[in-house]
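Heads up: the sequence lines are chains A and B, in that order. Those letters in the first sequence? Residues 15 to 213, per my numbering, in order. Those letters in the second sequence? Residues 81 to 198, per my numbering, in order.
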Amino acid sequence: MGSALASEDVYLPDTVQTAVKLLVVGHFAVGKTTFVGTLSEIRPLRTEETMSQAGAHTDDLGGVPHKTTTTVALDFGRLTLNEHLVLYLFGAPGQQRFTQLWRDMTQGALGALVLADTRRLEHSYDVMGLLEEHGLPYAVAVNHFDGAPVFAEEDLREVLDLLPEIPLVTCDARDTRSSTQALISLVQYLYTRNTQEHA
Amino acid sequence: MTPRSAKRGLVRPYVITDGRAHPTRNTFDLVTLVSAAQGGDLAGLSPEKRRVMALCRGGSLSVAEVVGHLQIPVSVTKVLLGDLVDSGHILTRSPIPSAELPDIKILQEVLDGLRARL
């Protein structure tokens, strides 16, 4: 690739001064890559980082510190919001063991959208826990899959154990309008939260 | 189009960075914006740094995009960019300071920008 960047919209307008990022997180196959791809104005890109990770559990009976190397990929996309502001969306894996990656990712992020799937809501607990640990505010968007069960909002809130102020919306990650709405819910929440903290 | 699978280079990452795992400066976030400085003699730059320069000469990009286009690991890209900033080849525009709460004005702009897309 390298020199094959013929398309002009690879680059940002010269006037862009500020870049902000939001994370799109969730368990495996919940639709993070689809969501980022739906909203991105550029062909979604991927960053890869090789990292050694400590064994996930300390109760390893072998007693030998066990390390493996994994490649962690982040898919990301870009939305130029006005002539001087650009938003990057990073789709990030929700595994507890990528601690360093989580530190890097959450650093400077405005907030996160947690994608959830009603067929396995319990798989979202890990990622929500990680966000709380890193102090990153989030909203939850149920990515609706055809044939997946539909629950009342209050039931979903109870299962996900959501605080009343945390937005919970439904979206279709394949649909631009619906995915944009989900992001708006998140940013509206970040905005309200911010005004309250400054009040 | 370009194949999605990352190609593994023949050269190990630490060779590209002269054995360094960390950049000379700690100012790169994935969304730090970088662009090529005017002029800037490429003589003496390693092939990888020339690739970074060839990409960045086209216009501004985030560090993440440099990583994505060149398919070099994040940590290696940061080392290369750090050197290129030190040598005056690359200019950066830092992201908003992460220690502070996001500026309410920026959140308002993000909100307006997203709403305008509906």
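Think of the CB as a built atom: it goes at the ideal place given N, C-alpha and C, for glycine as much as any other residue. Quantities reported herein were computed from a predicted structural model and do not represent experimental measurements.
- The beta carbon of Gln109(A) is closer than 8 Å to those of Asp140 in its chain, skipping five residues each way along the sequence.
- Looking at Asp121(B), Lys158(B), Gln188(B), Asp192(B), the one whose alpha-carbon comes closest to that of Thr107(B) is Lys158(B).
- Among the CB atoms of chain B, none fall inside 8 Å of the CB of Thr184(A).
- Between the beta-carbon of Leu135(B) and that of Leu150(B) there is about 6 Å, and that keeps the pair under the 8 Å contact cut.
- According to DSSP, Asn157(A) shares a beta bridge with Cys185(A).
- When rounded, the separation of the alpha-carbon atoms in Arg92(A) and Glu62(A) is 17 Å.
- Proximity of His149(B) to chain A, defined by a Cβ-Cβ separation below 8 Å, is satisfied.
- Between the beta-carbon of Val24(A) and that of Gly138(B) there is about 7 Å, and that keeps the pair under the 8 Å contact cut.
- Sixteen is the threshold: when 16 or more other Cβ atoms of the shown chains lie within 10 Å of the Cβ of Val100(A), as they do, the residue is buried.
- In the DSSP assignment, Pro27(A) forms no beta bridge with any residue.
- If you draw a straight line from the Cα of Arg60(A) to the Cα of Val164(A), it is about 32 Å long.
- Sequence-distant Cβ neighbours of Ala144(B) in its own chain, meaning closer than 7 Å and more than five residues away, are Leu110, Val111.
- In the same chain as Val154(B), and ignoring 5 residues on each side of it, the C-beta atoms closer than 6 Å to its own belong to Val147, in chain order.
- Judged by DSSP secondary structure, Gly40(A) falls outside any alpha helix (DSSP H) and instead within the beta strand (DSSP E) spanning 32–40.
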